[in-house]
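Heads up: the structure comes next, in structure tokens.
Residue numbers (the numbering used here): 1 to 238.
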């Protein structure tokens with residue numbers, strides 16, 4: 001049973017105030033990056049932004065307590081956004097919760113029977129192809145918000161090809177201010193690592209992007225989480 005012992009148990013041995021301060025700073029940086037990312041992935045998955053926060057907080061805490069790595073950062077993953085969106089569209093939130101429970105059971109069983117060793121038999125081209133495919137689907141899914149395009153009422157495409165078609169059908173609704181915010185944020189992500197490798201570029205992009213939107217007048221029509229989904233609840237779901 002030693003191999004199933006959470007890393008937290010051994011990490012606390014010899015823990016001191018200096019390590020605590022470093023962990024707090026790291027936690028703040030990760031939270032600033034992870035929470036907006038979790039909201040974005042939740043929206044891309046076809047659920048509300050609150051679900052992204054619930055997942056990041058609850059699942060992240062559980063994985064930190066029960067995980068097997070002392071430097072592990074956990075949260076929603078972009079690779080599952082398209083899969084989750086399909087489940088939600090076909091079976092609703094109840095179907096998603098059931099699928100999540102089944103996936104958790106399967107993962108536990110795979111850990112117990114050491115199925116992880118089977119990964120060495122999966123061709124490298126399969127993993128790279130899957131990763132590249134996910135990257136393309138994420139890129140397509142972000143076109144609408146990056147360009148500030150507004151879809152027609154009731155138009156909510158799920159499949160990648162449907163998103164491409166919907167984007168070009170509504171290309172005339174491009175918001176140049178939204179495009180400016182997105183372009184500057186993207187530029188920061190590309191250029192910042194060449195300037196400073198200590199502070200993550202994603203952290204700078206989140207802060208700069210948020211400040212830009214705060215300073216822009218409402219007349220620019222740049223959409224935010226609040227204007228799109230309303231005020232977020234500060235309570236956990238019943």
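Just so you know, even glycine gets a beta-carbon here, dropped at the ideal spot from N, CA and C.
Source: prediction; values computed, not measured.
Between 51, 158, 108, which has its C-alpha nearest residue 83's C-alpha?
158
Can you tell me the Cα-Cα spacing of residue 64 and residue 33, whole angstroms?
Distance between the alpha carbons of residue 64 and residue 33: 17 Å.
I'd like to know whether the C-beta atoms of residue 59 and residue 52 end up nearer to each other than 7 Å.
Between residue 59 and residue 52, the C-beta gap is not smaller than 7 Å, which leaves the two residues out of contact.
In three-state terms, what does DSSP make of residue 135?
helix
Give, in chain order, every unbroken run of the alpha helix (DSSP H) that is at least 4 residues long and sits entirely within the stretch 67 to 114.
81 to 112
Tell me where the alpha helix (DSSP H) around residue 214 begins and ends.
201 to 215
Here's the rule: buried if 16 or more other CB atoms are within 10 angstroms of the residue's CB, otherwise exposed. What is residue 193?
Under this definition residue 193 is an exposed residue.
Taking the alpha-carbon of residue 91 as reference, which of 46, 111, 115, 56 has the nearest alpha-carbon?
46
Where do the ends of the alpha helix (DSSP H) carrying residue 156 lie?
Run containing residue 156: none; DSSP gives neither H nor E here.
Any idea what DSSP makes of residue 181, helix, strand or coil?
helix
Tell me whether residue 17 is buried or exposed, calling it buried when 16 or more other Cβ atoms sit within 10 Å of its Cβ.
When all chains shown are included, residue 17 counts as exposed.
Determine, using beta carbons only, whether residue 66 and residue 123 come nearer to each other than 7 Å.
no
Can you give the beta carbon distance from residue 189 to residue 205, rounded, assuming they're within the 8 Å contact cut?
5 Å
Thinking C-alpha only, which one of 111, 110, 86 is nearest residue 99?
86
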